[in-house]
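Visitor:
Below you can see the structure in the form of structure tokens.
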């Protein structure tokens, strides 16, 4: 089993040569940092991932989260992971100093999350949830709520969860039935309802767990316009922050899952005894708007989770294929020749290259989006902030859906590299495949991400987000075309860009003509094609930076040539598949719509 989880040289390349993250240090919020502090943080995160997260990965699966009918216990190793993350400040690395953070860019936080998920994605889920609830309170909470909960969450003193799904309500959040009634004798509401699939909903890692809960205030309008957001602690804190009175939040059970067994996924009952108190966040009936601040981050970080797993699987497969001796070259007729490592077989090399391309393309995309968030938070120009915001909006569905789908396919290829050994639980790739599957399902299924992209993001502000993205891709194409060795790759990406524009206009015309069902029937295929363009663009950015390094003279010729050849492979092998998808999308294929239910 490999002890290498990720290629740190590639991460440094993305941070310093592609994203030029050090440019952010000209802004006051980041002025205390430098290339050196960025590298120190990333190296420290990798050491933690490799030395603390990774050794516990398979034990997490074997031990699992346990529920005895009353209490939930996390895997034993999770307590040490939590302690070290707490002591290292990993619950709030990007948060302001006065809130207990270290004021690193979100991009560095994203790198750390990627590395932790490389090491043990089930453990990383516990850590990330606390940051999410604290960030939500930072954006929308009252000063009293911030003082009571936010700082404790950022410090790792409390855990946090996001609570939306109900037994009969998943994607259709407008049908949420959990109720909230204003208390007659206080500033709180009494909540009643049942929530399901709550990651980290109960455990023994912290003295308190803070739930961000969507519920419907008595008399609120139907649908999503009537949802409000509440902070609901497991225990009502005493003045000194210690757990006080139990808040009538009961664990009904935990899910018995295909993967991520060490992460407790619970069903929670709120208000069985009529005394579950929740405190309103923001304005009444504006809960979903608040929650989306958390969900948009969560969707990008879901992609990071998935690609972190894929990175670890790739490193395991790469090591295995270099060491596993099997057979001889296909042109050999001498049975007495020594056996060769299977990495020399064309099919194995192809499977490895597929993994490498999507991992580096997706990671580039995620870190690009994180840098946009950093820049949006400090930019002094309204137009620049709007540009960053629009790009994040249109790329978020790609991050979540493409990240989770391509990661699953990459891990499948990693397992295939092992042959029969990969199907055995002796090696970690079987667990990785099981753990990865849920990422295309939770935080809004990938079908929902497709509807979000085609139904909302493409059309928002008259197509402004798509136009901004096309401008950015155009800049990358112009820069690559100025470098002779990259012209052929740039031409393929340009051709795909043209097809995406053509397809978008075609589908837009369908929607405007009233063919709404045909329009949305194509949403998933459109998201796939759109995401493949995004990855081709990111790999082209990486190839451009690599070619410039080669032209300037470098001792790392193999590293930089590898980046260029990876982009070349993606443009030559995957981009044609996206072009074919464009042909399907513009052919008005509607069999699925016209297929009678009794024909299935």
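In our numbering, the protein residues as written are -10 to 589. Beta carbons: idealized from backbone N, C-alpha and C, even for Gly.
1. Counting Cβ pairs, one atom from each stretch, are 3 or more of them under 8 Å apart for the segment 519 to 538 and the segment 381 to 397?
2. DSSP on residue 557, reduced to helix/strand/coil?
3. Closest by CA to residue 271, which one among 399, 132 and 61?
4. Decide yes or no for the touch test of the segment 237 to 247 against the segment 162 to 174: beta carbon pairs closer than 8 Å, at least 3 of them.
5. Mind pulling the beta strand (DSSP E) runs of 3 or more residues that sit fully within the segment 112 to 176?
6. For residue 67 versus residue 112, is the C-beta spacing smaller than 8 Å?
7. With respect to the alpha helix (DSSP H) encompassing residue 588, which residues constitute its N-terminal and C-terminal limits?
8. Quick one: grab the DSSP three-state call for residue 361.
9. Per DSSP, which residues does residue 56 bridge with? Please list them.
10. Quick one: using the 10 Å Cβ neighbour count with 16 as the cut-off for buried, is residue 337 buried or exposed?
11. Give the C-beta separation of residue 513 and residue 396 to the nearest angstrom, bearing in mind that I take them to be a contact with Cβ-Cβ under 8 Å.
12. Would DSSP call residue 184 helix, strand or coil?
13. Does the structure place the segment 185 to 205 close enough to the segment 251 to 262 that three or more beta carbon pairs sit under 8 Å?
14. How should residue 40 be labelled, buried or exposed, when 16 other C-beta atoms within 10 angstroms of its C-beta is the threshold for buried?
15. With DSSP as the reference, label residue 403 as helix, strand or coil.
16. Look at the alpha carbon of residue 125 and the alpha carbon of residue 497, and state the distance between them as a whole number of angstroms.
17. Considering only the beta carbon of each residue, do residue 107 and residue 30 sit closer than 8 Å?
18. For residue 266, is the classification buried or exposed, using 16 other Cβ atoms within 10 angstroms of its Cβ as the cut-off for buried?
19. Residue 392 and residue 503: beta carbons closer than 8 Å?
20. For chain B, find out if any of its Cβ atoms is closer than 8 Å to the Cβ of residue 524; answer yes or no.
21. Between the alpha carbons of residue 555 and residue 549, how many angstroms are there, rounded?
22. At 4 residues or longer, what runs of the alpha helix (DSSP H) sit wholly inside the segment 502 to 560?
23. Pop quiz: residue 194 and residue 424 are said to be a contact at Cβ under 8 Å. What is the actual Cβ separation, rounded to whole angstroms?
24. Nearest CA to the CA of residue 289: which residue from 360, 314 and 329?
25. Excluding the five sequence neighbours on either side, which residues of its own chain have a C-beta within less than 8 Å of the C-beta of residue 507, listed in chain order?
26. Residue 72: buried (16+ other C-beta within 10 angstroms of its C-beta) or exposed?
27. Would you tell me roughly how many angstroms separate the C-alpha atoms of residue 138 and residue 494, rounded to the nearest one?
28. For residue 80, name the three-state secondary structure that DSSP assigns.
29. From 323, 318 and 314, pick the residue whose C-alpha is nearest to that of residue 330; which is it?
30. Residue 574 to residue 443, Cα distance in whole Å?
31. Return the residue from the list 492, 232, 341 and 216 that minimises the CA-CA distance to residue 169.
32. So, residue 81 versus residue 34, is the Cβ gap smaller than 8 Å?
33. Roughly how many angstroms lie between the CA atoms of residue 324 and residue 318, to the nearest whole one?
34. Could you check what DSSP says for residue 266 in three-state terms: helix, strand or coil?
35. Using the Cα positions of residue 88 and residue 37, report the straight-line distance between them to the nearest angstrom.
36. Could you name each continuous alpha helix (DSSP H) segment of 4 residues or more that falls completely within the segment 2 to 57, going from the start of the chain to the end?
Guide: Reading off the structure:
1. With the cut-off at 8 Å, the segment 519 to 538 and the segment 381 to 397 touch.
2. Secondary structure of residue 557 (DSSP, three-state): helix.
3. Of 399, 132 and 61, the residue nearest in Cα terms is 132.
4. Note that the segment 237 to 247 does not touch the segment 162 to 174; fewer than 3 beta-carbon pairs, one per stretch, sit closer than 8 Å.
5. Whole beta strand (DSSP E) segments, 3+ residues: 148 to 152 and 168 to 171.
6. Yes; because the gap between Cβ atoms is below 8 Å, this pair is in contact.
7. No residue range can be given for residue 588, since it is assigned to no alpha helix (DSSP H) and is classified by DSSP as neither H nor E.
8. Assignment of residue 361 by DSSP, reduced to helix, strand and coil, places it in the helix class.
9. Residue 56 pairs with 61.
10. Buried, since its Cβ has 16 or more Cβ neighbours within 10 Å.
11. Incorrect: roughly 17 Å between the Cβ atoms, too far for contact.
12. Of the three classes helix, strand and coil, the one that applies to residue 184 here is strand, per DSSP.
13. In this structure the segment 251 to 262 touches the segment 185 to 205; the number of beta carbon pairs closer than 8 Å is three or more.
14. The residue is exposed, with fewer than 16 neighbouring Cβ atoms inside 10 Å.
15. Helix, per DSSP.
16. Their backbone Cα atoms lie some 34 Å apart in a straight line.
17. Residue 30 sits away from residue 107, with the two beta carbons spaced by 8 Å or more.
18. With 16 or more other Cβ atoms within 10 Å, it is buried.
19. Annotated as distal: residue 392 and residue 503, with beta-carbon spacing of 8 Å or more.
20. Among the chains in the structure shown there is no chain B, since it carries only a single protein chain.
21. Cα to Cα, the separation comes out at about 10 Å.
22. Whole alpha helix (DSSP H) segments, 4+ residues: 505 to 510 and 512 to 541.
23. That belief does not hold up - the Cβ atoms of residue 194 and residue 424 are roughly 19 Å apart, past 8 Å.
24. Relative to the Cα of residue 289, the nearest Cα in the group 360, 314 and 329 belongs to 360.
25. Here residue 507 has 499, 577, 579 and 582 as same chain residues with Cβ atoms under 8 Å from its own Cβ, once five neighbours each way along the sequence are excluded.
26. When all chains shown are included, residue 72 counts as exposed.
27. Between residue 138 and residue 494, the C-alpha separation is close to 47 Å.
28. Per DSSP, reduced to three states, the secondary structure at residue 80 is coil, with no helix or strand assignment.
29. Closest option to residue 330, Cα to Cα, is 314.
30. For residue 574 and residue 443, the distance between alpha carbons rounds to 12 Å.
31. Cα-wise, what sits closest to residue 169 is 216.
32. No; because the gap between Cβ atoms is not below 8 Å, this pair is not in contact.
33. For residue 324 and residue 318, the distance between alpha carbons rounds to 10 Å.
34. Of the three classes helix, strand and coil, the one that applies to residue 266 here is strand, per DSSP.
35. Their backbone Cα atoms lie some 23 Å apart in a straight line.
36. Whole alpha helix (DSSP H) segments, 4+ residues: 24 to 37 and 46 to 52.
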